[in-house]
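**Q** Here it is, the structure, as structure tokens.
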Amino acid sequence: MADQSLTLRVTVRNQGSEPSDPTTLRYYRSTDSTITSEDIEVGTDRVASLTALGSSAESVLTHAPSTPGAYYYGACVDPASGESDATDNCSAATAATVSEFDIESLPWVNDGITGDEWEAMEHVRALAQVDRPMSQRVAGSQWLSDGISEDELRVLADLRGLAHTHPDIAVLTTTTPDQTGSLTEDVLSSLLWMIDDEPSRSEQLLSRPWFRDGLTEEEAALLVVLRDAAAFEDVFRDLLQDGHVRSETISLPLAGEVDLFAVSRTEVGLDDALERIGAAVEPMEGFMGVPWPKSDVIMLHEPISDLGRPTHSGWYSGTHMVVKNTSKGLIYHETAHYYLHSGPKWLIEGGANFLRSYVLVPTELDLVYFDMQVGIVQECAP
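Now the structure itself:
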């Protein structure tokens, strides 16, 4: 249906006899059956290096167009370094028919209406009075498709409130494709906090083209960390105008797909930081024995400004973590706080230290200095 969430799944194959360098996969929507880089781009994925004849399964969540009609979806991979033949880098097209939006056809509506679902429909109706496509994107989102939870009701209520006071910003908040609603919730929380604490930030956000043309997942992650920078003009300005974001999706045995994001004012060390987040998440989930608690992991690397916490090397805010350097010890420690973020300090800091040490290999442990009183982990070596 129009504006409803849909997932595109693509397999990238290296048909050569040598390993391929990393590259970028781009998803497209077209009005004809030939997919080219001139079509409308609806998402991207980073494709890691592939062995000879190796393959990689990729996917992206997006929205159907607002206008009903016949469409075609496909993907093209950017030429890899040294690639001898790039003529086969675009896929065939898959046809899709988009029909008028019909709320009665949604899974959580057509099986009968509970009290929570009735309340959710009231929020959707209020959103429709502000912007109909916005209400359709929300009602047809994947994170509402399995029923309405209390957390989702709270997100809908907050979104309704934002739509009443800042309709332009509310509309754009819902353009982020989101599997579970976690990213939408974190973006909404960050925007509400910024607008309440620093009202001028709303005008600055609306002045940026990348904000006004709809949000990618990477841009949503940038919005989440802007909350920490809202009170610091130089940091906020630099992130808003030229923030760098690296992202990757990993598949965990218990939680399934989890999106990783690394954000900074500088590109230096950002790829290494993203790799270190990924290296920490799976072994931590394996040790804890319960699914990773969020569907996304977001890190802000800010090496210059102390962001009001001069004595901290890093911290976890509940929606993301902040680090002042990208050393393994610090990133592993702050990543552990996704599991350990409430309770007595000896438990959350001692537990994070333990999980950090669990991920580090023995030779790396020799470089780590523990300060158990303040719960800060620093690497002695550069």
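The sequence shown begins at 4 in our numbering and counts up by one. Glycine included, C-beta positions come from ideal geometry on N, C-alpha and C.
1) When the cut-off is 7 Å and only beta carbons count, does residue 312 lie next to chain B?
2) Hey, which unbroken runs of the beta strand (DSSP E) at 3 residues or more fall wholly within the region 69–136?
3) Of the choices 58, 76, 59 and 57, whose alpha-carbon is the least far from that of residue 66?
4) Does the separation of the CB atoms of residue 81 and residue 27 fall below 7 Å?
5) Among the candidates 157, 197, 154 and 183, whose CA atom is the shortest distance from the CA of residue 172?
6) According to the neighbour-count rule (16 or more other Cβ atoms, all chains shown, within 10 Å of its Cβ), is residue 254 buried or exposed?
7) Buried or exposed for residue 187, going by 16 or more other Cβ atoms inside 10 Å?
8) Looking at the secondary structure, which residues open and close the alpha helix (DSSP H) in which residue 359 lies?
9) Considering only C-alpha positions, which residue in the set 59, 87, 302 and 45 is nearest to residue 21?
10) CA-CA distance, residue 131 and residue 52?
11) Report all residues from its chain with a CB closer than 6 Å to the CB of residue 310; omit the five preceding and five following residues, and keep chain order.
12) Assuming the contact rule is C-beta atoms closer than 8 Å, residue 94 and residue 78 should be a hit. Round their C-beta distance to whole Å, please.
13) Across the region 260–267 and the region 281–301, are there enough close Cβ pairs to call them in contact, namely three or more that are closer than 8 Å?
14) In chain order, what residues of the same chain lie with their CB nearer than 6 Å to the CB of residue 270, ignoring the 5 residues before and after it?
15) If residue 305 sits next to residue 258, beta carbons under 8 Å apart, how far is it from one beta carbon to the other, in whole angstroms?
16) To the nearest whole angstrom, what separates the beta carbons of residue 120 and residue 111, a pair I think is in contact under 8 Å?
**A** In terms of the structure at hand:
1) The question asks about chain B, but that chain is absent: this structure has only one protein chain.
2) 72–80 and 97–101
3) 76
4) Yes, Cβ-Cβ distance for residue 81 and residue 27 is below 7 Å.
5) 197
6) exposed
7) buried
8) 348–362
9) 87
10) 45 Å
11) For residue 310, where only same-chain residues beyond five positions count, the Cβ hits under 6 Å are 231.
12) 5 Å
13) Here the region 260–267 lies against the region 281–301, with 3 or more beta-carbon pairs under 8 Å apart.
14) If we look at residue 270 and ignore the five residues flanking it on each side, its Cβ neighbours are 247.
15) Between residue 258 and residue 305 the Cβ distance is about 27 Å, and since that is not below 8 Å, they are no contact.
16) Indeed, because the Cβ distance is near 6 Å, the residues count as touching under 8 Å.
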